[in-house]
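These protein sequence lines map, in sequence, to chains A and B.
1 is the number of the first residue of the first sequence in the numbering used here; add one for each residue after it.
287 is the number of the first residue of the second sequence in the numbering used here; add one for each residue after it.
Even glycine gets a Cβ: it sits at the ideal position worked out from N, Cα and C.
There are 2 protein chains.
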Amino acid sequence: MGKKPEQLWTAPAREILRADPDSPIADLDRNGTPGFIGKKADGKRQLEERGAVLAELQELLYANGRSGDERSILLVLQGMDTSGKGGMVRHVIGHVDPQGVDHTAFGVPTANEKRHHFLWRIEKALPRAGQLGVFDRSHYEDVLVARVDDLVPKKVWQGRYKEINNFEKELVNRGTTIVKVAMFVSLDEQKERLQERLERPDKYWKYSPGDVTARKRWPEYRKAYQAMLDRTNTDYAPWYVVPADRKWYSRIAVTELLIDAFERLDLDWPPADFDIEKEKRRLAAS
Amino acid sequence: MGKKPEQLWTAPAREILRADPDSPIADLDRNGTPGFIGKKADGKRQLEERGAVLAELQELLYANGRSGDERSILLVLQGMDTSGKGGMVRHVIGHVDPQGVDHTAFGVPTANEKRHHFLWRIEKALPRAGQLGVFDRSHYEDVLVARVDDLVPKKVWQGRYKEINNFEKELVNRGTTIVKVAMFVSLDEQKERLQERLERPDKYWKYSPGDVTARKRWPEYRKAYQAMLDRTNTDYAPWYVVPADRKWYSRIAVTELLIDAFERLDLDWPPADFDIEKEKRRLAAS
């Protein structure tokens, strides 16, 4: 028997990974496993054990959603190419019932999306009552790539931090718990992952020449990420900073963050909204 | 070592389960396991093995979708309450990457949906290129409950069979493979499953008094299901009839039907749309 999940963390992931203005991402050990005492094998076992817990909690939320509870959870994943956002969806969100997941991957805005306010396409993709929403990239692209690539004037992206905070506050007030995760992979590890995509024909489709272009602009991206963390790390929608060189670590870390978010909803099975004894008799007679 | 998956079927599931006008559902053994030689334990093992195959095929489709292939697959699940549609999503679709799944559960039409043509909400939920779409209930409700409960005049629902066939033909022409599955549970097994929902507080939310009402009208529903099968079992969008008293059987049967649909797309990994050697040099220098 291995150690219990809670014995493998020095403190809750939400405390250890919470973005902190005194710990800039320039100093982050992207190969680290902060707060986790175990090794890779412990992490892999924990992912299965805690993934099952996550699945149970998600079913509870779904059941409540079907019974009139308006609440939902939204996981926002941000990170450079190869930071493991896709694998996070597959290996963490893959534990829960697909019926309960509202997943959206946000790419380069379409011509139609560009004609609208940057939050227009986000609003349309928000999780419904009882659902676990997952954003693979998000409205934060509009203060990241939009800033680094000068897609809009400085004045415009500068105003967006506040717009985002207001938007998220309203969301939270409407009953959505927002879990924002910024994943950071080191340049060395990123190079290896991109090399693999160039060497394996089953991975070509994941590669884009733009990945190397963005890689060269990491110093500018780092600044944009830091500004994002500094300016939108609110109490109602906090950021968590997750080192992503070790995929197994980032996956259990996000699993813990999600479990924590679900547990804070303090859910129970919804009571029957019908007369149980009467229905038993009706059923028996049918 | 157990037998290989293909040794456990007397013939491909798509042949055995294809709806057949000479085998009316009144004669269906809903407790049967047609075509499958193994027992429950074999079935459970097969679900894991073949679920992994399904996951690989889905990734291939997703990769091609990202590379310009417009094709998609749509699984349509129809069946009375407790026939196991939800469990099908959880235990079969749960094997594949959530990113590649466009899942929609269709409930009673909303006021807004009622103002539109019955295919309006369906059109909006169709799978995108490269996606596996899953409909838990579908446009077929509009010739099932709509017919049994007289929700629209006879003339209206009678015209819908042809409308549905035309709609599906267009869909297929646009590159969607449609896999339609009608699941049938026996009245005895249904009673047991409903009883369980009335006895376990973690299942109350799945129960609705309407389930018993519909149950009492099974003869009328059977007629409506038979008409649906007779009139919309086209070559381009065939129906499969799946006995659903044994959940493990219905799940491996649908897994096989899906694998077959994916394999007929004859997919390969998309070729690189960039100069591989040049990109290796750019990456090395970055």
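| Asked | Found |
| --- | --- |
| How about residue 241 of chain A and residue 92 of chain A: do their beta carbons lie closer than 7 Å? | no |
| With three or more beta-carbon pairs closer than 8 Å as the criterion, would you say the region 90-108 of chain A touches the region 116-136 of chain A? | yes |
| Here's a check: name, in chain order, each residue in its chain whose Cβ is nearer than 7 Å to the Cβ of residue 237 of chain A, leaving out the five neighbours to either side. | 168, 172, 178 and 180 |
| Report the rounded CA-to-CA distance for residue 256 of chain A versus residue 20 of chain A, giving the unit in angstroms. | 19 Å |
| Going by other Cβ atoms of all chains shown within 10 Å of its Cβ, with 16 needed for buried, is residue 281 of chain A buried or exposed? | exposed |
| Using only alpha-carbon positions, find the residue among B/376, B/532, B/495 and B/346 that is nearest to residue 327 of chain B. | B/532 |
| Any chance you could list the alpha helix (DSSP H) runs of at least 4 consecutive residues sitting entirely within the region 189-220 of chain A, in chain order? | 209-216 |
| According to DSSP, simplified to helix, strand and coil, what is residue 183 of chain A? | strand |
| Could you list which residues in chain B have their beta carbon closer than 9 Å to that of residue 101 of chain A, in chain order? | 384, 387 and 389 |
| Counting only runs that start and end within the region 413-458 of chain B, where is the alpha helix (DSSP H) found for 4 or more residues in a row? | 431-434 |
| Given this structure, state the Cα-to-Cα distance separating residue 152 of chain A from residue 146 of chain A, to the nearest angstrom. | 6 Å |
| Starting from residue 240 of chain A, follow the alpha helix (DSSP H) in both directions and report where the run begins and ends. | It is not in any alpha helix (DSSP H) - residue 240 of chain A instead sits in the beta strand (DSSP E) that spans 239-243. |
| Are the CB atoms of residue 78 of chain A and residue 214 of chain A nearer to each other than 7 Å? | no |
| Kindly say whether residue 127 of chain A, judged by its beta-carbon, lies nearer than 7 Å to any beta-carbon of chain B. | no |
| How is the beta strand (DSSP E) around residue 79 of chain A delimited, first residue to last? | 72-79 |
| Three or more beta-carbon pairs under 8 Å between the region 354-362 of chain B and the region 316-336 of chain B, yes or no? | no |
| Who does residue 387 of chain B pair with in a DSSP beta bridge? | B/418 |
| Since I believe residue 553 of chain B is in contact with residue 346 of chain B (beta carbons under 8 Å), could you give me their beta-carbon distance rounded to a whole number of angstroms? | 4 Å |
| Applying the 10 Å Cβ sphere with the 16-neighbour rule, what's the burial state of residue 309 of chain B? | exposed |
| If you draw a straight line from the C-alpha of residue 138 of chain A to the C-alpha of residue 72 of chain A, how long is it? | 17 Å |
| Near residue 344 of chain B, which residues of its chain fall below 6 Å by C-beta distance, leaving aside the five closest residues on each side in sequence? | 382, 386 and 418 |
| Between residue 205 of chain A and residue 63 of chain A, how many whole angstroms is the CB-CB distance? I'm expecting something under 8 Å. | Contact doesn't hold; Cβ gap of about 38 Å is too wide. |
| Which residues, taken in chain order from the region 372-383 of chain B, show a beta carbon closer than 7 Å to some beta carbon of chain A? | 372, 375, 376, 379, 380 and 383 |
| At a CB-CB cut-off below 9 Å, which residues of chain B make contact with residue 195 of chain A? | 566, 569 and 570 |
| 7 Å is my cut-off, CB to CB: does residue 204 of chain A come that close to chain B? | yes |
| Which value, in whole angstroms, describes the spacing of the CA atoms of residue 87 of chain A and residue 480 of chain B? | 38 Å |
| Does the distance from the C-beta atom of residue 286 of chain A to that of residue 498 of chain B stay below 7 Å? | yes |
| Just to confirm my understanding: we take residue 230 of chain A, look at its own chain, exclude 5 residues before and 5 after, and list those with CB closer than 7 Å. What are they? | 21 |
| Quick one: does residue 160 of chain A have its CB under 7 Å from some CB of chain B? | no |
| Once DSSP output is grouped into helix, strand and coil, what is the label at residue 272 of chain A? | coil |
| Pull out every residue of the region 52-69 of chain A whose Cβ sits closer than 7 Å to any Cβ of chain B, in chain order. | 63, 66 and 67 |
| Whose CA, out of B/340, B/408 and B/428, lies closest to the CA of residue 441 of chain B? | B/428 |
| Quick one: Cα of residue 28 of chain A to Cα of residue 165 of chain A, how far? | 25 Å |
| Give me the chain B residues within the contact set of residue 276 of chain A, using Cβ-Cβ distance strictly less than 7 Å, ordered along the chain. | 484 |
| Under the rule that 16 or more other beta-carbon atoms within 10 Å means buried, what is residue 33 of chain A, buried or exposed? | buried |
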